[in-house]
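Visitor:
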Amino acid sequence: MANVPCKNPLKYCRLCLSEDEELILMESGDKLTTSSKLLLQKLFLYMKITFHNEQDYPSAICYSCLDRFNNFHDFRRMVVRNHNAVKTFRRLFGDQYDEEPTTMIEVIDDSQQEMEIKQEFEAEESKLAEQIEIDYKPPKEEVKEVDVYHLDGELKTVVVKEERLSPEKSLPATPEKEQSQEPKRSPPVTNLNANISRVTVLKRPQGKVLNLEHAEKRAKAAILSRFSVVKCSHCRAVFRNRENLLKHERDDHQNVTEHLLNKNAPSKSLPVIKTRQISKPLPHSPVAQLFKCPHCSSSFIQKSNYEQHIKTCKAAALSKLNPQIVVKRTTPAAMNEVIKAAVAKIGRNVQVKPVELVQVKQEETEDQRIRCHYCPLTYKTKYFLKKHMLDVHKIDDYENVFYCHVCKLNYSCDEDLQLHNRAIHRFQCKQCLEDFRTCMHAQTNDTRTSENGIINKGI
Numbered sequence: 001m002a003n004v005p006c007k008n009p010l011k012y013c014r015l016c017l018s019e020d021e022e023l024i025l026m027e028s029g030d031k032l033t034t035s036s037k038l039l040l041q042k043l044f045l046y047m048k049i050t051f052h053n054e055q056d057y058p059s060a061i062c063y064s065c066l067d068r069f070n071n072f073h074d075f076r077r078m079v080v081r082n083h084n085a086v087k088t089f090r091r092l093f094g095d096q097y098d099e100e101p102t103t104m105i106e107v108i109d110d111s112q113q114e115m116e117i118k119q120e121f122e123a124e125e126s127k128l129a130e131q132i133e134i135d136y137k138p139p140k141e142e143v144k145e146v147d148v149y150h151l152d153g154e155l156k157t158v159v160v161k162e163e164r165l166s167p168e169k170s171l172p173a174t175p176e177k178e179q180s181q182e183p184k185r186s187p188p189v190t191n192l193n194a195n196i197s198r199v200t201v202l203k204r205p206q207g208k209v210l211n212l213e214h215a216e217k218r219a220k221a222a223i224l225s226r227f228s229v230v231k232c233s234h235c236r237a238v239f240r241n242r243e244n245l246l247k248h249e250r251d252d253h254q255n256v257t258e259h260l261l262n263k264n265a266p267s268k269s270l271p272v273i274k275t276r277q278i279s280k281p282l283p284h285s286p287v288a289q290l291f292k293c294p295h296c297s298s299s300f301i302q303k304s305n306y307e308q309h310i311k312t313c314k315a316a317a318l319s320k321l322n323p324q325i326v327v328k329r330t331t332p333a334a335m336n337e338v339i340k341a342a343v344a345k346i347g348r349n350v351q352v353k354p355v356e357l358v359q360v361k362q363e364e365t366e367d368q369r370i371r372c373h374y375c376p377l378t379y380k381t382k383y384f385l386k387k388h389m390l391d392v393h394k395i396d397d398y399e400n401v402f403y404c405h406v407c408k409l410n411y412s413c414d415e416d417l418q419l420h421n422r423a424i425h426r427f428q429c430k431q432c433l434e435d436f437r438t439c440m441h442a443q444t445n446d447t448r449t450s451e452n453g454i455i456n457k458g459i
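So that you can map any letter, position 57 of the sequence shown is 57 in the UniProt record's numbering, and since no number is skipped, the others follow by simple counting.
#1: Does the Cβ-Cβ distance between P5 and E27 come in under 8 Å?
#2: Give the C-beta separation of L23 and I49 to the nearest angstrom, bearing in mind that I take them to be a contact with Cβ-Cβ under 8 Å.
#3: Out of K7, F93, L40, which has the shortest C-alpha to C-alpha gap to I241?
#4: Assuming L38 is part of the alpha helix (DSSP H), what are its boundary residues?
#5: On the three-state DSSP scale, how would you describe T50?
#6: Give the range of the beta strand (DSSP E) segment to which C62 is assigned.
#7: Return the first residue and the last residue of the alpha helix (DSSP H) that I395 is part of.
#8: I'd like the list of long-range same chain contacts for S18, defined as Cβ closer than 8 Å, with 5 residues on each side in sequence excluded.
#9: Could you check if L318 is buried or exposed, using at least 16 other CB atoms within 10 Å of its CB as the buried criterion?
#10: Report the rounded CA-to-CA distance for V392 versus H373, giving the unit in angstroms.
#11: Give the DSSP-derived three-state secondary structure of K231 in the structure shown.
#12: State the Cα-Cα distance for the pair Q302 and A344, rounded to the nearest angstrom.
#13: Would you mind giving the Cβ-Cβ distance between R369 and K380, rounded to the nearest angstrom? I have them listed as a contact below 8 Å.
#14: For S28, does the three-state DSSP call read helix, strand or coil?
#15: Could you tell me the alpha carbon to alpha carbon distance between K37 and G29, rounded to whole angstroms?
#16: Within 10 angstroms of the Cβ of Y411, are there 16 or more other Cβ atoms? Answer buried if so, exposed if not.
#17: State the DSSP-derived secondary structure class of R371, mapped to helix, strand or coil.
#18: Taking CB distances under 8 Å as the criterion, tell me whether C235 reaches chain C.
#19: Specify the secondary structure class of N8 as computed by DSSP and reduced to three states.
#20: In chain order, what residues of the same chain lie with their CB nearer than 8 Å to the CB of S35, ignoring the 5 residues before and after it?
#21: Along the alpha helix (DSSP H) that carries I424, what are the first and last residues, could you check?
#22: Which same chain residues, not among the five before or five after H73, have their C-beta less than 7 Å away from its C-beta?
#23: Rounding to the nearest angstrom, what Cα-Cα distance links V229 and N53 in this structure?
#24: Alpha carbon to alpha carbon, how far is Q308 from F300?
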């Protein structure tokens with residue numbers, strides 16, 4: 001933590017804790033100058049620091065902190081403005097890079113001569129090598145006195161001279177090593193005004209001349225194409241191609257174009273703008289009409305399928321029959337009345353045997369029709385019965401139907417039935433006040449006899 005200089009908040013800067021600088025006093029939040037208000041706004045904007053009336057006033061801020069905030073604020077505005085300007089300029093006009101001088105390489109095929117690369121800085125290097133003088137000063141001979149024991153056991157001092165390698169005895173350095181030890185110098189720049197520098201290089205006989213002229217032309221064409229822009233004649237907006245200009249004129253200058261087109265003679269101030277003609281949208285294709293059967297719930301897109309269905313529709317065939325005749329044919333007495341009426345029309349005395357009811361035991365075959373459990377219709381196969389159950393009765397699987405005994409609804413699985421009971425039929429028994437989650441449990445509980453022998457009757 002920083003050390004606060006003193007207890008008096010008016011003797012040091014609130015931001016940098018300096019006592020030597022000239023201070024700006026802020027007694028309360030209501031009595032603030034414009035400079036102090038701007039400083040507080042910048043503090044909140046950049047550092048999220050707020051001054052409260054009870055805790056932070058009175059206080060003081062030095063002029064150096066004020067100058068720092070002003071400089072930073074100006075720098076921030078300048079950075080944001082310049083960044084947006086550069087971004088817009090690059091988006092509209094693109095980028096341009098300076099062309100570097102190309103290097104032309106001339107290939108000389110000469111296998112008899114030795115490879116030689118002549119450079120301009122070789123002469124200067126030879127002059128510098130002559131000027132360098134290696135000054136070698138042999139070091140002075142140092143004498144040391146050493147105590148040595150001789151063979152006879154006497155202790156004597158012996159003078160020893162240190163031997164050093166003289167420059168004559170030192171190993172001669174090879175010219176390759178001397179060249180490697182010398183610092184590498186960059187070649188001097190000559191002919192600054194020349195755009196092309198030529199270097200003669202020997203190459204193998206199978207080499208090819210490198211031509212870079214097509215690359216230069218291609219680069220120049222690419223650079224020139226970046227600066228081809230189109231300007232709007234009304235607002236001077238710049239666009240990269242004509243399509244964007246036409247879109248801009250159609251969207252932003254629509255009133256101007258309509259005014260110019262309505263006039264017979266265009267005005268001089270505003271030239272006629274030829275906008276791109278947009279083709280009218282095609283009318284929507286008519287919705288396909290369905291052919292619905294008037295006797296059942298079937299519908300078809302093609303008329304041929306509808307006509308074929310009418311021929312085989314059972315409901316249509318039943319609607320064409322007379323219901324009275326159908327009812328009379330069901331009983332033998334009705335059949336006898338029909339036969340008597342037919343004989344009376346002929347006018348002859350014909351003995352007609354009465355029709356007797358013959359009970360024939362029909363064996364159950366595989367082709368026996370399947371009857372729906374919810375309506376009197378019958379079907380040959382289970383497929384058509386299942387389709388009928390799904391279309392008419394909204395039941396997916398007619399074999400596994402779970403039935404609610406309270407609201408008379410069918411469900412395809414036991415889980416759906418249990419959820420239905422827990423959500424809708426969750427109630428208490430009137431006799432024992434127990435909570436039952438399924439209606440079946442409640443019904444079994446209501447049918448039980450109580451202690452007094454009375455049977456509960458329903459819910």
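Even glycine gets a Cβ: it sits at the ideal position worked out from N, Cα and C.
Here the structure is a predicted model, which means the values were calculated and not measured.
Guide: Taking the definition as stated:
#1: At least 8 Å separates the beta-carbon of P5 from that of E27.
#2: Going by Cβ atoms, the distance from L23 to I49 rounds to 18 Å, so no, they are not a contact pair.
#3: It is worth fixing the name first, because residue 241 is Asn in this sequence and not Ile. Cα-wise, what sits closest to N241 is F93.
#4: 34 to 47
#5: coil
#6: According to the DSSP assignment, C62 belongs to the beta strand (DSSP E) that extends over 59 to 62.
#7: Counting along the chain, I395 falls outside any alpha helix (DSSP H), and DSSP gives it neither H nor E.
#8: Y12, C62, S64
#9: Classification for L318: exposed.
#10: H373 has its alpha-carbon roughly 12 Å from the corresponding atom of V392.
#11: strand
#12: 50 Å
#13: 6 Å
#14: The DSSP-derived three-state label of S28 is coil.
#15: 9 Å
#16: buried
#17: Note: R371 maps to strand in three-state DSSP.
#18: This model lacks chain C altogether, as it is built from one protein chain only.
#19: coil
#20: I24, L66
#21: 414 to 424
#22: K42
#23: One C-alpha to the other measures close to 58 Å.
#24: 10 Å
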